[in-house]
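K.L.:
Sharing a structure, written as structure tokens. Questions coming.
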Amino acid sequence: MRMLKYFIGLELFGIYLSAIFFKSRLEGIGATIPDGYILEIGSIKLYNVFIFLQILMDLFDEPTKQTKIFILKSLLPFIIITVVALYLCFVLGRKDTSQGSAELANIDDLRKLYLFKRTSTSPIIGVYEPTWLKSIYSLICNFDKYRALQVKPPAYRVQLLHQFITFLRRIGMRMIIYGKAVTHYLIVGSTGAGKGVGIINPTLLDGWRESCLVTDLKGELWDKTSKYRKDVLGHKVMKFEPAGLDQHSVRWNPISEVRWGTSNESKDVANLAATLIPDPQAGEPFWSESARRFLIAVIIYLKYHHLKETPYHETTLKDVVSFLSGSAVKNKKTGEVSGVSLQNTLKQILKHEKMLPVNMPVYSNGKYTMQSIGMKEMEYISPEVATNKFYPDMHPAVLTTFLEYSTITENTFSGILTSITTPLSPYTEPILAKNTSTCDFHVTDLMRADSPVTLYIVLPIEDQKRLAPLFNLLIDMTMKKLTSDGVDANTYPLLLLLDECANFGKIDSLQRTITAARGYKIQVMMIFQSLKDPDRVYGKENSIINNCTVKIFLKASDLKEKEYISKQIGDTTIRQHNKSYNGFFFWNHMTESSIKRALINPTEVGLLKQSVILIDEEKPIITPYHYYYYDEMFTNREGKADTSSRFTDDFTNCIKAYEETHPASKEVVSDSAEELGITEFVESIISQDSIIGIQEFINNTDDLDLDDVQLIYSTYVDSELMETITLFVFVDYINSILSKEHKELIHLDDTVIDTDDETEAFDDDSSHNDGFFDLNLDEIRKEYEATLHKGR
34 MRMLKYFIGL ELFGIYLSAI FFKSRLEGIG ATIPDGYILE IGSIKLYNVF
84 IFLQILMDLF DEPTKQTKIF ILKSLLPFII ITVVALYLCF VLGRKDTSQG
134 SAELANIDDL RKLYLFKRTS TSPIIGVYEP TWLKSIYSLI CNFDKYRALQ
184 VKPPAYRVQL LHQFITFLRR IGMRMIIYGK AVTHYLIVGS TGAGKGVGII
234 NPTLLDGWRE SCLVTDLKGE LWDKTSKYRK DVLGHKVMKF EPAGLDQHSV
284 RWNPISEVRW GTSNESKDVA NLAATLIPDP QAGEPFWSES ARRFLIAVII
334 YLKYHHLKET PYHETTLKDV VSFLSGSAVK NKKTGEVSGV SLQNTLKQIL
384 KHEKMLPVNM PVYSNGKYTM QSIGMKEMEY ISPEVATNKF YPDMHPAVLT
434 TFLEYSTITE NTFSGILTSI TTPLSPYTEP ILAKNTSTCD FHVTDLMRAD
484 SPVTLYIVLP IEDQKRLAPL FNLLIDMTMK KLTSDGVDAN TYPLLLLLDE
534 CANFGKIDSL QRTITAARGY KIQVMMIFQS LKDPDRVYGK ENSIINNCTV
584 KIFLKASDLK EKEYISKQIG DTTIRQHNKS YNGFFFWNHM TESSIKRALI
634 NPTEVGLLKQ SVILIDEEKP IITPYHYYYY DEMFTNREGK ADTSSRFTDD
684 FTNCIKAYEE THPASKEVVS DSAEELGITE FVESIISQDS IIGIQEFINN
734 TDDLDLDDVQ LIYSTYVDSE LMETITLFVF VDYINSILSK EHKELIHLDD
784 TVIDTDDETE AFDDDSSHND GFFDLNLDEI RKEYEATLHK GR
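The number in the numbering used here is simply the position in the sequence shown, starting from 1, with 33 added.
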């Protein structure tokens, strides 16, 4: 481009040089001399070039030899200049690229790549402006100085800088560089390098206008960008702070992300277990593999079990830990406390539990509808596990696992439990348990809601290591669920803006699906402290770096990083001149050779005080650091949203709607319950086999507790009878047939309750306080008696 400009300039000079001698040429053929000259130097007149060209065009019609000679002589200066210009451009101006041809991109190159054009899916990756402007910025408002003094800069200076920046932007001296559409980004920069102020904040305040999931380590991004994205862009904005009590924080329950009652059920639960219990980096994989198998069965069992409860209880990871922790029993007579073996509990479940059939919301044709799930449906839901005719009421996946694990050695079972409860222990903490108790959003809402969504995941530094598995689980489910239903299923593009993502460990699905994610409208921007981080987290053979088309480096300090940048920028060819002297009179001899040199060597990379942007198969770009707070276009948009958006959980709503249309018999109890008595009333409704089964269960259970009562109820009372025989009625029925010995041993988890309503609690802070049946006998009895009085 530069040589083309020189060539055009020489050509224009040649034409005017020809026009200088135009007068003498006209006199030679006796032609009329025009008066349209524009400059006279002595006796030489410089004629207007257009008059010169017009006369030549008129003379082309003259066929005489004298006229042809005149035209040739008139154009001779122009012809000579053209030959010289061609020689300069194509011979002397030719660049030697024998050893390398790397060069930095200029403004024309950026325009060809459309990097100054903003789209709704273009993150901001830099700014293009003359480097000497930095000195002017410092004179107007030196932010570095005020930061060092730990004082705020004067408002008038900030305002003056904002006005100056706005002026530069309008006249084209300062232009924002936007990323390319449908690509992945790798950002590398140490602490304080400007990743947030140069890329993340401006991207959220202007560049990326579609759905976004962003890690917000300090909560600052929510405070500064959520208002703009909600009020101006019309997004649903949500703040998910698992370890916080902020009223704006939404809740997310990973178990509720499973597509229950579908062919994806087993796969989703397996993926959930694999993320919660990853493979060990070293050691025997037996424990993690066995733990995942058992965890899958427990999650499925609890979900199906809770579906039979009224009102519906949403299964959580805390419920899983509580189930695995078992319960403790205190004998009121002796005062002794003893634990209940979980393996014995598994045996009792296999013997008495009636998991199927169960009413469950199933997603079909764009909505959830209640469907009855039985053994026939299990052939579709869980085809990989064969059904067992001896256990027709058990979920096949639960049955096979519980049968196996209920009989393994105690030491092995204990090791498996430890492998599960250790990584899941954080979910029993009250705050985290609350924030994972239900779903205020689902990962599919990010791309399939009625408007774009921005989700801020707030994970302070002190909680990152502890909550890394939860974050990985969220990203894992996001990638898997949004890439499993076809390309056209996703409405809005999604940017995963993952700041300091090395702190959260390896996200397997991210590495596996990053190659195909772009086809599903998902772009990833991964931000690391150092170029070593991807290798440290994902291994040296990882595909993260190679799959990121755009790589941005800020303040490289590590030698490996400098060498990588230098190598990616490439080599250039330089001419080296060598002089040698010999002879009595010191005759000199000069030789010229082409040698290879890095366009920017590692040492020079370290001295750069600019950003390096590398785009695959394009020239490297070096630009000044971008600080969004220099420009009032960004600062005027800062602000915090007043609240988080929340989505309704269609799965839970479907259950609640079903419960409203099929209410349990809490308010209306048959008069025959009073006429016949509770024992005769219940036994007149349930089958004889159920009566015998209940009696056998009681006789074979020494320490009958309310967990057992709940188990008996769900096993021997058919779902269609539960409207008549409510749980409250059934508790009184059990009490009516219990022997005195059993009545003294009824308990609820760590609370011993006798039939005289005397209670004694112990160890209120024990991890066993959250049993997997949450019954309170006093409340049950009072509600039941109130119902009877109301009936009277």
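Backbone N, C-alpha and C define an ideal beta-carbon position, used for all residues, glycine too.
Per DSSP, R630 forms a beta bridge with which residues?
P.N.:
T605
K.L.:
Could you tell me whether the segment 521 to 535 touches the segment 245 to 257, where touching means 3 or more Cβ pairs closer than 8 angstroms?
P.N.:
Using a C-beta cut-off of 8 angstroms, the segment 521 to 535 makes contact with the segment 245 to 257, since at least three inter-stretch Cβ pairs fall below that distance.
K.L.:
Let me confirm a value: K573 is counted as buried when at least 16 other C-beta atoms fall within 10 Å, else exposed. Which label applies?
P.N.:
exposed
K.L.:
Taking the beta carbon of F319 as the centre, do at least 16 other beta carbons fall within 10 Å, making it buried, or is it exposed?
P.N.:
exposed
K.L.:
Skipping 5 residues on each side, what residues in its chain have a beta carbon closer than 7 angstroms to that of E274?
P.N.:
S282, V491
K.L.:
If you run the structure through DSSP and keep just helix, strand and coil, what is N392?
P.N.:
strand
K.L.:
Quick check: the Cα distance between L771 and T734, rounded to an integer number of angstroms?
P.N.:
12 angstroms
K.L.:
Can you list, in chain order, the residues of its chain whose CB lies under 8 angstroms from that of S296, leaving out five sequence neighbours each side?
P.N.:
Y413, I414, P416.
K.L.:
Return the chain-ordered ranges of every beta strand (DSSP E) run that is complete within the segment 258 to 302 and spans a minimum of 3 residues.
P.N.:
Given a length threshold of 3 residues, each whole run of the beta strand (DSSP E) inside the segment 258 to 302 is given here in chain order: 269 to 273.
K.L.:
Taking 8 angstroms as the cut-off, does the segment 461 to 468 touch the segment 505 to 518 (at least 3 CB pairs, one atom from each stretch)?
P.N.:
no
K.L.:
Using a Cβ cut-off of 8 angstroms (strictly closer), state whether L172 contacts chain B.
P.N.:
Absent from the structure is chain B; it holds one protein chain and no more.
K.L.:
Who pairs with D664 in a beta bridge, going by DSSP?
P.N.:
Its beta-bridge partners do not exist; DSSP assigns none.
K.L.:
Taking 8 angstroms as the threshold (C-beta atoms), are V486 and K269 in contact?
P.N.:
yes
K.L.:
Measure the alpha-carbon distance for K539 versus Q497 and round it to whole angstroms.
P.N.:
13 angstroms
K.L.:
Give me, in chain order, the residues of the same chain whose beta-carbon lies closer than 7 angstroms to that of T748; leave out the 5 immediate sequence neighbours on both sides.
P.N.:
H385, E386, K387
K.L.:
Following the continuous alpha helix (DSSP H) through C687, name the residue where it begins and the one where it ends.
P.N.:
Taken as a continuous stretch (DSSP letters only), the alpha helix (DSSP H) holding C687 covers 683 to 694.
K.L.:
Rounding to the nearest angstrom, what Cα-Cα distance links T308 and H659 in this structure?
P.N.:
37 angstroms
K.L.:
Which residues mark the beginning and the end of the alpha helix (DSSP H) in which Y438 is found?
P.N.:
429 to 438 is the extent of the alpha helix (DSSP H) around Y438.
K.L.:
Say whether the segment 635 to 649 touches the segment 173 to 184, bearing in mind that this needs 3 or more beta-carbon pairs closer than 8 angstroms, one atom from each stretch.
P.N.:
No, because fewer than three Cβ pairs between the segment 635 to 649 and the segment 173 to 184 fall closer than 8 angstroms, the two stretches do not touch.
K.L.:
List the endpoints of the continuous beta strand (DSSP E) containing D496.
P.N.:
Per DSSP, D496 belongs to no beta strand (DSSP E); it is in the alpha helix (DSSP H), 494 to 515.
K.L.:
Determine the closest residue to S717 out of A674, V520, Y766, V247, with distance taken between C-alpha atoms.
P.N.:
Y766
K.L.:
Tell me, which residues are paired with V160 by DSSP?
P.N.:
V160 has I209 as its beta-bridge partners, per DSSP.
K.L.:
By Cβ distance below 6 angstroms, which residues in the same chain neighbour L744 in space, the five residues on each side in sequence not counted?
P.N.:
H385
K.L.:
State the beta-bridge partners of K584 as determined by DSSP.
P.N.:
In the DSSP assignment, K584 forms a beta bridge with L219, L647.
K.L.:
Is it buried or exposed for I406, if we count other Cβ within 10 angstroms and need 16 for buried?
P.N.:
buried
K.L.:
Which word fits A589, buried or exposed, when buried means at least 16 other C-beta atoms lie within 10 angstroms of its C-beta?
P.N.:
buried
K.L.:
Can you list, in chain order, the stretches of the alpha helix (DSSP H) that have 4 or more residues and sit fully within the segment 457 to 482?
P.N.:
The qualifying runs are 463 to 468, 478 to 481.
K.L.:
For K554, which three-state DSSP category applies?
P.N.:
coil
K.L.:
Contact check, L587 vs G222 under 8 angstroms by CB: the rounded distance?
P.N.:
In this structure L587 is in contact with G222, their Cβ atoms being roughly 3 angstroms apart against a cut-off of 8 angstroms.
K.L.:
Note the first and the last residue of the continuous alpha helix (DSSP H) segment covering S747.
P.N.:
739 to 749
K.L.:
Please state the DSSP three-state secondary structure of Y337.
P.N.:
Reduced to three states, the DSSP call for Y337 is helix.
K.L.:
T487 bridges to which residues according to DSSP?
P.N.:
C245, V270
K.L.:
Quick one: give me the first and last residue of the alpha helix (DSSP H) that Q183 is part of.
P.N.:
Element bounds for Q183: n/a, residue is neither H nor E.
K.L.:
Going by DSSP, what residue range makes up the beta strand (DSSP E) through P526?
P.N.:
From DSSP, P526 is part of no beta strand (DSSP E); its letter is neither H nor E.
K.L.:
Can you look up Q562 in the DSSP assignment and give me helix, strand or coil?
P.N.:
DSSP places Q562 in coil when its eight states are reduced to three.
K.L.:
DSSP three-state label for D797, please.
P.N.:
For D797, the predicted structure reports a pLDDT of 36, less than 50, and the residue's modelled location is therefore unreliable. A value from the coordinates is still provided. Here DSSP, grouped into helix, strand and coil, assigns D797 to coil.
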